[in-house]
Each structure stands twice: as C-alpha cells, then as structure tokens.
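Residue numbers (the UniProt record's numbering), protein chains in the order written: chain A, 1 to 431; chain B, 1 to 431.
Don't be surprised by glycine CBs; every beta carbon is placed ideally from N, CA and C.
As the structure is a computational prediction, the values presented were derived from the model and not from experiment.
Number of protein chains: 2
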Amino acid sequence: MSATLAADEAIARRRREGQQVISMASGEIGLPVHPELRDRLAHAADRASYGPVAGSLALRTAAAGYWRRRGLDTDPDLVVCGPGSKPLLYALVLAVGGDVVIPTPSWVSYAAHARLAGVRPLSVPIAAGQGGVPDPDLLRETVTAARAAGHDPRSVVVTLPDNPTGTVASPETVRRLGEAARDLDLVIISDEIYCDLVFDPATPAVSPAVFAPERTVVTTGLTKNLAVGGWRLGVARLPEGEAGRALHDRLVGIASQIWSSPVAPVQEAAAYAFGEPPEIVERVAQSRRLHGSVARAMAERFTAAGAILTPVVATCYLYPDFGPLRTHLVRAHGVYNGAELARFLVERHGVGVIAASAFGEPLAALRVRAATSRLYGDTDEERTTALTAADPTALPWIRSSLDRVGEVLADLAGPAFAAPPAASGPAADAA
Amino acid sequence: MSATLAADEAIARRRREGQQVISMASGEIGLPVHPELRDRLAHAADRASYGPVAGSLALRTAAAGYWRRRGLDTDPDLVVCGPGSKPLLYALVLAVGGDVVIPTPSWVSYAAHARLAGVRPLSVPIAAGQGGVPDPDLLRETVTAARAAGHDPRSVVVTLPDNPTGTVASPETVRRLGEAARDLDLVIISDEIYCDLVFDPATPAVSPAVFAPERTVVTTGLTKNLAVGGWRLGVARLPEGEAGRALHDRLVGIASQIWSSPVAPVQEAAAYAFGEPPEIVERVAQSRRLHGSVARAMAERFTAAGAILTPVVATCYLYPDFGPLRTHLVRAHGVYNGAELARFLVERHGVGVIAASAFGEPLAALRVRAATSRLYGDTDEERTTALTAADPTALPWIRSSLDRVGEVLADLAGPAFAAPPAASGPAADAA
C-alpha cells in the first residue's frame with residue numbers, strides 16, 4: 001500500500017472520529033478546482049467513447065505546446081496520456097524493461113513500480129541539496145557494479161523538482177546525470193510533475209531532456225498544478241528518434257492492455273488546462289506563491305525546534321532531519337527512528353507526516369516528510385482566500401496550524417529548543 | 001497493442017479518409033450516455049480529491065447492492081473500484097500471483113495481462129457452446145500437468161456471458177468449474193461485465209461465486225451496460241473469508257501504486273448507476289433488446305453465407321466459423337486463415353472484424369468476431385431512436401448495415417451461397 005495514500009486514509013479516519021488533526025502526510029493539494037476547469041469537465045460529461053489509447057489529438061497537441069513553451073520542442077505523436085502520471089511511470093518501467101535506478105530518498109511509488117514489474121530497484125543516494133537526482137558518480141559506480149554482478153539496469157528515474165526534499169537539482173547535476181546516462185546507455189525517466197512549483201521563477205528546474213534528449217522521457221500531470229488529483233490525468237513525452245518511437249509504441253501497447261485510455265471528459269478539461277490560458281497560468285502562480293509562503297513558514301518551525309532542513313525552493317514538501325535531537329528523542333519519548341517519530345507525532349499530537357523510510361531511506365534515519373498542501377483551509381472559501389492573500393500565513397486558519405505545529409515541535413524537542421519560532425511574515429517569507 | 005483497440009483506431013482512420021466503413025471490430029457500445037447519468041457526472045465536476053484507493057463508500061455500497069440484487073450478498077468493504085475492469089483484472093493477476101488459466105477463445109487482454117505480469121497464461125479450450133469457461137475436465141488435466149512440469153497455476157479467468165462467442169456457459173458447466181477450482185485450489189476471476197446483457201432474462205448467467213464463493217472474484221463495470229467505456233469505471237467483488245480479505249488487501253496495495261483511485265467525479269455518477277434507479281434499469285433493458293435484435297439479425301447474414309454460428313444469446317458479439325468455406329476462400333480470395341479473412345473484409349469491403357487468433361485461437365482458424373454495437377446510428381438522435389424502436393432492424397441505417405454485410409458475405413462466399421438472407425423482423429428476432 002502506498003505510504004502516502006495509507007497515511008492519508010488514517011488521518012481522514014481520525015478526523016471522522018472527531019480528533020483534531022493536522023494533515024501533513026499526503027501531498028494532495030487542498031485547493032478548489034478552478035471554476036473554468038470544472039466547467040470544461042461538466043460540459044464534456046457526454047463524452048463517453050474511449051478514443052485513442054494515447055489520448056485525443058487535442059490533448060496531445062496541448063501537452064506538446066505546454067512543453068514547447070518550456071523549451072522542449074515536442075511532437076504530439078510522441079505524447080502519451082494516461083490516467084495519472086503514476087500509471088504512466090509504472091508502464092514506462094514495464095516498457096523499458098530491466099532494472100531501474102532510483103534516487104534515495106525518492107517518491108514512494110518508484111521502488112514499488114519496479115517490484116510490481118518484477119525488476120530490481122537499485123538505490124543511489126542523492127548529493128546534498130540535489131534532491132531527486134542520483135549522484136552521477138555513484139550512479140556510474142552502481143550501474144557498473146550491478147552489470148558486473150549480472151543485473152540489467154536500463155533506466156534511471158529522477159524527480160525535478162523533488163518530492164520528498166522540496167529541492168531542485170542544479171543544472172550542472174542534471175547535465176552530469178545526462179552524461180552518465182549516455183555513457184551507461186540508460187533511459188532517463190524524468191518525473192516533472194512539480195515543474196511549475198519552483199518558488200523563484202528565475203531559477204527553474206532544468207529537464208534532463210535538455211542534455212540527453214535522445215533518451216529522456218518526461219512525465220507530468222494536472223494533479224499538483226491544479227489540485228485535481230482525483231481526476232487522474234498524466235502525460236508523458238517520449239524522445240524523438242528510433243529508440244524513442246519504439247519505446248512509445250511499447251508504452252501505448254501496454255497502456256492499451258492495462259487502462260485503455262484516459263477518462264474522456266477529463267481529457268477535454270486537460271486539453272484546456274495544458275493550453276495555459278491566462279486564468280490557468282494565474283491560478284498556478286497563485287498556488288506556487290501559496291506553497292512557497294506556507295512551506296517556508298513551516299520550515300522555520302522545524303528549524304526552530306532543532307531539525308536540519310535544506311532550504312525548500314519548490315513543491316510543498318519539507319524534509320526535516322531530527323538527527324541532532326536523537327539522544328533527546330530516545331530518552332524523552334522513546335523515539336529512535338523516523339517511523340517512531342511519525343507515530344509519535346500522529347498519536348500524541350494528531351500531526352500526520354511520513355517517515356523517511358517510506359522514501360527508501362534507512363530505518364534509523366530520523367527524517368520525515370511534511371507536506372503543507374492540506375493546511376490552506378477547511379472550506380473552499382478559506383482555500384480561495386488563501387490563494388489570493390498577500391500573506392497567507394497571517395490568515396487565522398493557516399496561522400493556527402503553523403502555531404500548533406510549532407507547539408508540538410517544542411514539546412517534542414524539549415526545553416533546549418523551547419524558544420518561540422521566529423516571527424514570520426512577508427520579510428521572512430522572502431528569505 | 002490490444003487487438004480490439006488497434007482495429008478500432010484503424011477503422012476510425014479509414015472513416016476520416018472518407019471511406020465507407022462498417023465497424024464491427026471493437027465492442028465499444030455506440031449509444032449515447034443516459035442524460036441523468038451525464039448530469040450526475042457534470043454535477044460532480046468539482047470533486048477532485050483522490051478519496052479512498054478502493055473507491056468511495058457510497059460507490060462501494062451501491063456496487064454491493066447491485067450484486068445483492070443478483071443473489072450475491074456483498075460486503076462493501078470487500079468491493080474495490082478502479083479505472084475500468086481491465087486494470088482491476090490486471091491487478092488481480094498480480095495480486096494472486098502464479099500462472100493463470102484462460103479459456104480459448106477469450107478476450108484479448110487476459111493473456112496480455114499474464115505476460116505483462118511476468119506469469120504464464122495456460123490456455124484451456126471451452127466445450128462447444130460453453131464460451132468463457134475452460135472445459136472443467138481439461139482444466140483439471142492442464143493444471144495437473146503444469147504443476148507436474150514445475151509451473152505454478154493459481155487462478156483461472158472466466159467470462160460470463162462470453163466475449164467473443166456471445167454464448168453463456170450453462171449453470172452445470174459453471175458448477176463443475178467451481179468444483180474443479182476447489183479441488184485444484186485455484187482462485188476464479190470471473191469477468192461478468194456482460195452480466196445484464198443476456199437476451200432472455202429467464203436464463204441468466206450464473207456466477208461461479210454461487211458455487212465456489214470462497215474463491216471467486218467477480219468484476220464488472222459501466223462500460224457495456226451504459227455505454228460509457230471512456231469513463232473508465234470498474235468494480236471487483238472479493239470473496240469473504242481470510243484468503244479473500246488478504247487478496248483484497250493485496251489488490252488495494254497494488255491499486256495504490258498503479259492508479260491511486262478511480263476518477264472522483266465518475267465515482268459519483270457510478271454510485272448512482274449501480275443504485276439502479278428505474279430509468280437506468282430501463283436503459284439497460286433497452287440496450288439488451290437492441291443488441292439482441294441486431295445481433296440475431298446479423299447472425300442470419302453470416303449463417304446465410306455458409307458460416308457456422310452457435311446461437312448468440314448474450315452480448316453484442318458473433319463468432320462465425322467460416323471453416324465450411326475454407327476451400328472456396330483459399331481458391332477465390334487467397335484467404336486461408338482468420339487474419340487473412342479479417343484483412344480481406346476490411347480492405348476490400350471496409351468491414352472491420354477481429355480474427356480468432358486475437359482471442360488465442362490457432363492462426364489457421366477461419367473464425368472472426370463481429371460486434372454489432374457500433375451499428376446503431378451515426379448520431380445521438382439515430383441511436384436514441386434505435387434504443388426505443390420496436391424493430392430496430394427495420395430502421396434504415398441499421399437495415400443498410402445488415403444488407404451491406406449480407407452483400408459482402410455473399411461476395412465472399414460466392415455463387416454457392418448467393419441466396420438473399422432470410423427475412424428478419426420481430427418473428428425472426430424472437431427465434
């Protein structure tokens with residue numbers, strides 16, 4: 001069972017039982033559907049044919065335009081749409097075949113996909129601050145050793161920007177990844193679903209498709225940008241060239257046997273969204289600002305409690321390391337690893353987070369992932385207010401979550417870190 | 001690539017190129033969405049959360065009621081919903097593990113699912129007229145021999161009513177299947193998506209869940225009943241008992257990693273449909289009558305041309321055997337197998353059908369599957385008229401397809417079978 005979805009269901013149960021909870025476990029985006037997007041789906045409710053396995057030409061063309069505006073020229077005939085980027089990522093593992101290199105830490109489903117596909121997930125650590133991309137030197141070592149041992153790695157999965165660390169690997173790291181992948185003849189599967197959620201637009205994530213266009217598959221979807229995870233719509237961009245076209249055909253064949261086609265009415269709405277009309281661009285910008293503001297304010301609470309945190313520059317995820325508090329946590333709370341820490345936070349305080357071990361890290365790691373994307377309000381009215389607020393962290397319902405987490409972390413950390421968190425506000429947010 | 005979806009796309013291409021085509025390749029149901037069902041989806045367009053992996057409680061409860069009304073008492077906690085019954089069937093193969101017995105002939109995706117899951121599909125022929133269920137005696141022989149050879153069959157897939165033969169295995173065959181599965185300790189995966197499309201309601205298909213409740217998983221969906229294939233919504237009913245619950249949990253775990261959850265707005269519409277309000281029951285009854293009328297009239301054209309056809313009693317599929325015309329087909333047209341026959345029909349006459357080899361039959365078999373579900377009209381107005389017509393075969397657009405196929409088959413069969421097809425009408429339809 002996906003750790004994030006399982007944690008999500010556990011938190012929902014607690015809430016139904018009347019407990020006060022702060023849900024930072026799953027990264028589901030708690031924001032309303034943009035009214036225009038909702039209307040597109042409603043107007044397409046009479047569309048009920050399968051249509052092409054790879055998705056309608058209108059949707060594939062819109063997705064190609066989306067990538068073209070980001071510097072990646074794209075042939076609509078090399079775009080494959082599916083019911084979420086998750087099934088596309090799984091089908092890509094099947095289509096490429098062979099073992100898969102995944103970064104540590106990384107999203108919970110990559111390793112699960114490899115296991116379901118009957119291949120071996122090979123873990124390669126990230127370099128510090130370079131979340132989502134296996135350290136290119138270690139990638140070379142690991143693949144070479146695996147091949148010497150008779151294994152058959154054929155692909156490497158990367159996440160740009162990264163879940164769970166909220167960081168973005170530098171262009172130089174991505175360039176070196178591309179070089180290593182070319183030398184090792186690996187397909188790069190680049191999960192770029194957080195592409196538009198880099199807080200500072202001046203420093204975007206750079207896709208490996210820039211450096212290794214002949215071997216990079218890019219995936220994205222509507223889930224994170226537009227808060228429609230429940231609509232299940234993802235898109236994949238296959239490489240030009242003979243190998244890319246062969247991979248495209250295998251992917252479409254697998255799609256035809258596992259899911260047939262993306263949901264027809266959703267395709268219509270998605271084609272509109274990938275066309276990026278001004279109201280959609282503005283909505284994504286609002287979400288980005290909201291994530292940035294709240295994630296950074298929340299990061300301060302963790303830092304104030306003594307956790308180490310690489311500055312969060314994208315997504316809605318924090319990945320605090322409580323290693324410096326290890327002795328205290330064991331003595332005061334009997335908490336000796338990330339899973340114990342997550343259990344302590346949810347059972348004692350109703351604060352849901354995910355242990356680092358779910359992301360492939362060692363059991364002993366005292367790290368957790370906290371997502372801020374559920375803290376924006378309990379009603380659509382609150383959430384809409386949050387989207388347009390100059391300082392979302394000053395809104396009472398967001399402020400109270402921040403304060404509550406600050407208190408919980410103060411309790412966790414004990415007297416040594418009992419100081420109140422630093423004041424947050426526009427000035428602090430810009431830090 | 002799924003043979004039916006591939007054929008579908010090829011026919012659509014020909015149509016776009018301005019060719020006159022008669023599409024009997026895919027079994028997609030060419031009928032409009034019921035307005036009430038469409039409105040439910042439209043009204044749910046603001047639902048965008050994932051919700052539970054297995055589907056909402058409302059949908060699972062509605063599906064449980066659907067099965068309860070058909071004599072299968074069902075716990076909503078043992079219902080798992082997914083984006084189509086196709087992904088559920090695939091995930092079940094992964095969840096059960098081990099090799100899979102499939103009937104010959106059978107739907108194109110069962111064997112593909114086994115191959116994608118990295119297990120062995122074991123083919124067992126059906127007994128004459130007992131489509132969808134492997135002959136129980138041959139099932140015993142095959143599984144025993146496979147185990148002796150070191151293989152590990154753990155499940156058997158059945159289709160009730162059957163695609164591609166349009167027949168329904170008798171309760172006695174199903175009882176013997178259940179007995180064999182129990183003796184062999186096999187899980188039965190029973191695809192019952194055509195359950196409500198048995199032409200004579202007095203002789204319904206009987207589920208193996210009646211005879212072997214502890215080991216039978218039943219799947220169905222909205223695609224065939226309500227012509228919303230593009231909405232991708234299927235449901236699975238897991239068995240009571242410890243093994244059933246363990247299988248349920250594995251299935252949900254796999255679902256969480258491959259597709260997350262069924263599409264949220266579609267779940268709302270599906271809960272309404274599985275609740276079976278009178279207007280939905282009536283719509284399904286109309287579809288059933290329409291399929292019965294047109295499929296039987298089309299069957300007469302094939303029989304008149306000299307093909308052998310087991311009487312079609314359910315679905316919208318005919319499975320004619322042109323074996324008696326083999327010598328003529330080779331001499332007159334260079335057609336020596338099912339694939340050549342399908343190619344001849346589409347290239348010379350624009351009539352799309354699927355060769356028996358796509359359903360696991362030997363290449364040499366001179367059988368094809370023809371679906372009538374696309375012949376009900378080119379516009380929603382025509383299709384709605386067809387749904388309520390006392391004699392749909394008398395409607396000009398349906399009559400012209402029947403006549404055209406009759407002419408094509410007369411050309412195929414040559415002078416020996418050039419007699420005009422028998423008159424069809426209410427009397428013939430009731431046969």
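### Task
Along the alpha helix (DSSP H) that carries A:D403, what are the first and last residues, could you check?
Here the question's residue 403 of chain A lines up with position 403 in the first sequence. Secondary structure note for A:D403: its alpha helix (DSSP H) is the uninterrupted segment P396 to A413.
### Residue from A:M24, A:Y50 and A:A25 whose Cα sits closest to the Cα of A:Q267
Here residue 267 of chain A corresponds to residue number 267 of the first sequence, with the count starting at 1. The shortest C-alpha separation from A:Q267 is found at A:Y50.
### Message
Which residue wins for smallest C-alpha separation from B:F344, given the options B:P362, B:V368, B:V312 and B:N163?
### Response
Here the question's residue 344 of chain B lines up with position 344 in the second sequence. Cα-wise, what sits closest to B:F344 is B:V368.
### Query
Which term fits A:T159, buried or exposed, when burial requires 16 or more other beta carbons within 10 angstroms of its beta carbon?
To locate residue 159 of chain A, count along the first sequence from 1; it is residue 159. With 16 or more other Cβ atoms within 10 Å, it is buried.
### Query
Which term fits B:P201, buried or exposed, when burial requires 16 or more other beta carbons within 10 angstroms of its beta carbon?
Taking the first residue of the second sequence as position 1, residue 201 of chain B is located at position 201. Result: exposed.
### Task
Tell me whether B:S400 is buried or exposed, calling it buried when 16 or more other Cβ atoms sit within 10 Å of its Cβ.
Here residue 400 of chain B refers to the residue found at position 400 of the second sequence. Looking at its Cβ environment, which holds fewer than 16 other Cβ atoms inside 10 Å, B:S400 is exposed.
### Query
Within the 8 Å Cβ cut-off, does A:L41 reach chain B?
As a position in the first sequence, residue 41 of chain A is number 41, starting the count at 1. Taking CB atoms only, A:L41 has a neighbour in chain B less than 8 Å away.
### A:Y317 (DSSP reduced to helix, strand or coil)
By 1-based counting over the first sequence, the position of residue 317 of chain A is 317. Strand at A:Y317.
### Message
Quick check: is the beta carbon of A:D77 nearer than 8 Å to any beta carbon in chain B?
### Response
Residue numbering aside, residue 77 of chain A sits at position 77 when the first sequence is read from its first letter. It does not: the Cβ of A:D77 has no partner Cβ on chain B nearer than 8 Å.
### Query
Since A:V124 sits in a beta bridge, which residues does DSSP pair it with?
Your numbering for residue 124 of chain A matches position 124 in the first sequence. BP columns for A:V124 point to A:P103.
### Task
Could you tell me if A:A364 is buried or exposed, where buried requires 16 or more neighbouring beta carbons within 10 angstroms of its beta carbon?
In the first sequence, the residue the question calls residue 364 of chain A occupies position 364. The Cβ neighbour count for A:A364, taken over all protein chains shown within 10 Å, is under 16; the residue is labelled exposed.
#### Entry: CB contact below 8 Å: B:W231 versus chain A
Counted from its first residue, the second sequence places residue 231 of chain B at position 231. Chain A, which has a Cβ nearer than 8 Å to the Cβ of B:W231, makes this yes.
#### Entry: chain A within 8 Å of B:S85, Cβ atoms only
One-based indexing of the second sequence puts residue 85 of chain B at position 85. With 8 Å as the cut-off, B:S85 does not count as an interface residue toward chain A.
### Message
Mapping the DSSP letters down to three states, classify A:V312 as helix, strand or coil.
### Response
Numbered from its first residue, the first sequence carries residue 312 of chain A at position 312. It is coil, neither helix nor strand.
### Query
How about the stretch 38-49 of chain B and the stretch 294-306 of chain B: do they share at least three Cβ pairs that are nearer than 8 Å?
Touching, no.
### Task
Would you mind reading off the limits of the beta strand (DSSP E) that contains B:V198?
Along the second sequence, one-based indexing puts residue 198 of chain B at 198. Premise fails: B:V198 is in no beta strand (DSSP E) and is neither H nor E.
### Task
For A:G377, I'd like the list of residues in its chain whose CB is within less than 6 Å of its CB, leaving aside the five on either flank, ordered along the chain.
Counted from its first residue, the first sequence places residue 377 of chain A at position 377. These residues qualify, in order along the chain: R383, A386 and W397.
### Message
Between which two residues does the beta strand (DSSP E) holding A:I189 run?
### Response
Position 189 of the first sequence, counted from the first residue, corresponds to residue 189 of chain A. That run of the beta strand (DSSP E) goes V187 to D191.
### Task
Could you tell me which residues DSSP pairs with A:P278 in its beta bridges?
The residue labelled residue 278 of chain A in the question sits at position 278 within the first sequence. The beta-bridge partner set that DSSP reports for A:P278 is empty.
### Task
Please state whether DSSP places A:P83 in a helix, a strand or coil.
By 1-based counting over the first sequence, the position of residue 83 of chain A is 83. DSSP, read as helix, strand or coil, puts A:P83 in coil.
### Query
Does any C-beta atom of chain B lie closer than 8 Å to the C-beta of A:V263?
For the purposes of this step, residue 263 of chain A is taken as the residue at position 263 of the first sequence. Chain B, which has a Cβ nearer than 8 Å to the Cβ of A:V263, makes this yes.
### Task
Would you mind telling me which residues of chain B sit closer than 7 Å to A:G414, beta carbon to beta carbon, in chain order?
Locating residue 414 of chain A in the first sequence gives position 414, where the first residue counts as 1. Residues of chain B passing the Cβ test: none, with the nearest at roughly 36 Å.
### Query
Quick one: what's got a C-beta closer than 6 Å to B:A10's C-beta in the same chain, skipping five residues either side?
For this step, residue 10 of chain B is matched to residue 10 along the second sequence. Around B:A10, the same chain offers no residue with a beta carbon nearer than 6 Å, after the five sequence neighbours per side are excluded.
### Task
Would you mind working out which of B:C195, B:R215 and B:F199 sits nearest B:V206, comparing C-alpha positions?
Here the question's residue 206 of chain B lines up with position 206 in the second sequence. Residue B:C195 holds the alpha-carbon nearest to the alpha-carbon of B:V206 among B:C195, B:R215 and B:F199.
### Query
Which residues bound the beta strand (DSSP E) around B:S261?
The residue you call residue 261 of chain B lines up with position 261 of the second sequence. Note, B:S261: premise wrong, no beta strand (DSSP E); not H, not E.
### Message
List, in chain order, every chain B residue whose beta-carbon is nearer than 8 Å to that of A:P259.
### Response
Counting from 1 along the first sequence, the entry for residue 259 of chain A is found at position 259. Looking at the sequence itself, residue 259 of chain A is Trp, so the reference to Pro does not match. Neighbours of A:W259 across chain B, judged by C-beta separation under 8 Å: P83, G84, K86, P87, R232 and W259.
### Query
Are the C-beta of B:H113 and some C-beta of chain A separated by less than 8 Å?
Position 113 of the second sequence, counting from 1, holds the residue named residue 113 of chain B. For B:H113, the answer is yes, since a Cβ of chain A falls inside 8 Å of its Cβ.
### Message
Strictly under 8 Å for the Cβ-Cβ distance: is B:V53 near chain A by that measure?
### Response
Against the second sequence, residue 53 of chain B aligns to sequence position 53. Cβ-Cβ to chain A under 8 Å: yes for B:V53.
### Query
How about B:T315 and B:P171: are their beta carbons less than 8 Å apart?
Here residue 315 of chain B refers to the residue found at position 315 of the second sequence. Here residue 171 of chain B refers to the residue found at position 171 of the second sequence. Remark: C-beta atoms of B:T315 and B:P171 do not approach each other more closely than 8 Å.
### Message
Short of 7 Å Cβ to Cβ, which residues in the stretch 214-230 of chain A face chain B?
### Response
Cβ contacts with chain B come from A227, V228, G229 and G230.
#### Entry: Extent of the continuous alpha helix (DSSP H) to which A:P171 belongs
Position 171 of the first sequence, counted from the start, is the residue given in the question as residue 171 of chain A. Residue range P171 to L184 is occupied by the alpha helix (DSSP H) that includes A:P171.
### Task
Could you check what DSSP says for A:P134 in three-state terms: helix, strand or coil?
The residue you call residue 134 of chain A lines up with position 134 of the first sequence. Strand.
### Whole-angstrom distance between A:H333 and A:P324, CA atom to CA atom
Position 324 of the first sequence holds residue 324 of chain A. Position 333 of the first sequence holds residue 333 of chain A. Cα to Cα, the separation comes out at about 15 Å.
### Query
Are A:A12 and A:G360 close, meaning C-beta to C-beta below 8 Å?
In the first sequence, counting from the first residue as 1, residue 12 of chain A sits at position 12. In the first sequence, counting from the first residue as 1, residue 360 of chain A sits at position 360. Contact: no.
### Message
Does B:T61 pass the burial test, meaning 16 or more other C-beta atoms within 10 Å, or should it be called exposed?
### Response
Walking along the second sequence from the start, residue 61 of chain B turns up at place 61. Answer is buried; the Cβ neighbour count reaches 16.
### Message
Suppose contacts are defined by Cβ-Cβ distances below 8 Å. Is A:G129 in contact with A:V312 by that definition?
### Response
What you label residue 129 of chain A is simply residue 129 of the first sequence in a count that begins at 1. What you label residue 312 of chain A is simply residue 312 of the first sequence in a count that begins at 1. No, the Cβ-Cβ distance between A:G129 and A:V312 is not below 8 Å.
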